[in-house]
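Protein chains: 2
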Amino acid sequence: MATLQLLMSENLFLRDPQDTELGRKIVQESIKMIDELGFEGFTFKKLAMRIDSTEASIYRYFENKHRLLVYMIAWYWNWLEYKIDFGTQNITDPERKLEIALGIVSEKKMTDPFFPQIDEEALYRIVIAESDKTYLTKQVDEDNKEGLFRGFKSLCHKIATFILEINPEFEFAHSLISTALQAGHQQLFYAQHLPSLTDFDTTKDDLHQKNMEFLITMVFNTIKC
Amino acid sequence: MATLQLLMSENLFLRDPQDTELGRKIVQESIKMIDELGFEGFTFKKLAMRIDSTEASIYRYFENKHRLLVYMIAWYWNWLEYKIDFGTQNITDPERKLEIALGIVSEKKMTDPFFPQIDEEALYRIVIAESDKTYLTKQVDEDNKEGLFRGFKSLCHKIATFILEINPEFEFAHSLISTALQAGHQQLFYAQHLPSLTDFDTTKDDLHQKNMEFLITMVFNTIKC
DNA sequence: CATAATTGATAGTATTACTATTTAATTTGT
DNA sequence: ACAAATTAAATAGTAATACTATCAATTATG
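Listed in order, the protein sequences are those of chains E and U. Using numbering that gives the first Met the number 0, you'd call the opening residue of the first sequence number 0 and step up by one each time. Using numbering that gives the first Met the number 0, you'd call the opening residue of the second sequence number 0 and step up by one each time.
Set out below in structure tokens:
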């Protein structure tokens, strides 16, 4: 099987972590560690110890741990967009394309053999718990100018386009999709930690099925009526 | 005019900040400072300097700055619930109640003369930019056991009840409302910082009007069809 | 082969988030 | 009223965090 590499925006790193053994280890292990410790509990010092390197070496790849998080989340959005491009190939019906996209957004994430160096299951848990922290900062405007959020914006725009193909009159295509993308994560977090805020049930095995149903109901009903 | 005081859950503080001059100053000034510096840039040391007190004194009221944020956000949700109770008084039609609730959620927040000690405009900006950080932590389950999120859950449940009065068959009442409550803030943040993720425009004065239209369209369409 | 550039290691610093202890003020009982 | 008890506030710490500056080793290039 061919091994792929997502093209990441230059500004996401100081030195491309895909280029060196150490760089790949930094990304691989930080995914595991942020998943285990949470973003606040994670430090470059702990990571350095785990990969038998030093803080200063890690700082050569990423300006700080926030940038490393942004890199990981950007990778995730790029990956989703690639999966949606792949999944909607040769399909012309916009309703079907929208359905496929929402299916991919809400489906359970498994390790993708195309990207053997990334633990997608751990990354997905990070996305659910930490992704909002990439932009909920005082430097959001500068970060945005550097293009750090291009992945999320691009994905949002792509799916919003499907909506506008279905109903060009609909006024809130981008708002609805950014809402749906966030809701897809949020509801899983709530299901696990604050269950009274959802109607999902983590103990049942149709969790991701319900999530998809919810998103599809919400999006299609909202644009149609 | 009568001055009110919202009843805050005991676990939100070590010593009730409403009881003393210092306590009230801590809450008042920290609202201003978190609004200015962001939650990450805010420290108890800076706050102590500003109110001419000491770090240790502040730690007598709040275990740490995270708890102080949780307190502020809980106050906000309690305030909203009070406004919705007030606004839906004597109204029996569930559709009208839902409409009123979503109106209150999305309306521009002004200083409330009933609570002269709180700067609601600054607090609203904090809610938009920081509220997710109250639960996106590794201690969310312990915090939840202590009842720190009761305000948000209670509000969500109240509005979800309106939905179930309209359509008892609807499967995702809680999910839809928690999604709408978050979307109402998120879209305003996006409008200001990542405008390609919304269809709102901060330069126009109908921003909050659009936000309400969006929430009402989304919620009513989703539950009706 | 020499020089430059890159990579990694060592050792620091300012700040943060707290805590333990001491001092001062206030309340309470007699 | 006044000492004892209680509570509040100030002082002075500490361990950990988030970096940074410098130095040494390795690799690449003319």
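C-beta atoms are modelled at their ideal positions from N, C-alpha and C, and glycine is treated no differently. It should be emphasised that the depicted structure is a prediction, and the values quoted were computed from it without experimental measurement.
| query | result |
| --- | --- |
| U/THR91, DSSP secondary structure in three states | coil |
| Beta-carbon separation (whole angstroms), E/SER195 vs U/LEU196, contact threshold 8 Å | The pair is not a contact, with the Cβ atoms about 28 Å apart (cut-off 8 Å). |
| Beta carbon proximity, U/ASN220 to chain E, threshold 7 Å | yes |
| Nearest to E/LEU36 (by Cα), restricted to the options U/GLN138, U/ASP205, U/GLU119, U/ILE103 | U/GLN138 |
| Backbone CA spacing between E/ASP51 and E/ASP204 [nearest angstrom] | 39 Å |
| Limits of the unbroken alpha helix (DSSP H) element including E/THR160 | 149–165 |
| Closest by C-alpha distance to U/GLY102, when choosing among U/ILE158, U/GLU145, U/ALA190, U/LYS223 | U/ILE158 |
| Continuous alpha helix (DSSP H) stretch holding U/LEU214: start and end | 206–223 |
| Assumed close pair E/GLU120, E/MET109 - CB separation to whole angstroms, cut-off 8 Å | 7 Å |
| Proximal chain U residues relative to E/SER195, where beta-carbon distance stays under 8 Å | LYS152, CYS155, HIS156, HIS173 |
| Rounded Cβ spacing between U/THR107 and U/PHE161 (contact assumed at less than 8 Å) | Sequence inspection shows Lys at residue 107 of chain U; the Thr mentioned does not correspond to that position. Rounded, the Cβ-Cβ distance is 22 Å, inconsistent with contact. |
| Neighbourhood of E/GLY86 by C-beta, 7 Å cutoff - its chain only, sequence neighbours within 5 removed | ILE99, ILE103 |
| 7 Å Cβ cutoff, E/ALA128 in contact with chain U | yes |
| Cβ contact (3+ pairs, closer than 8 Å) linking the segment 46–64 of chain E and the segment 114–133 of chain E | no |
| Close beta carbons around E/ASP118, own chain, < 6 Å, minus the five adjacent residues each side | ILE30 |
| Among E/ARG149, E/LYS144, E/PHE113, the one whose alpha carbon lies nearest that of E/TYR70 | E/ARG149 |
| First and last residue of the uninterrupted alpha helix (DSSP H) at E/LYS44 | 43–49 |
| Proximity of U/PHE213 and U/LEU206 at Cβ, strictly below 7 Å | no |
| Within chain E, partners of U/ASN143 - CB distance below 7 Å | HIS192, LEU193 |
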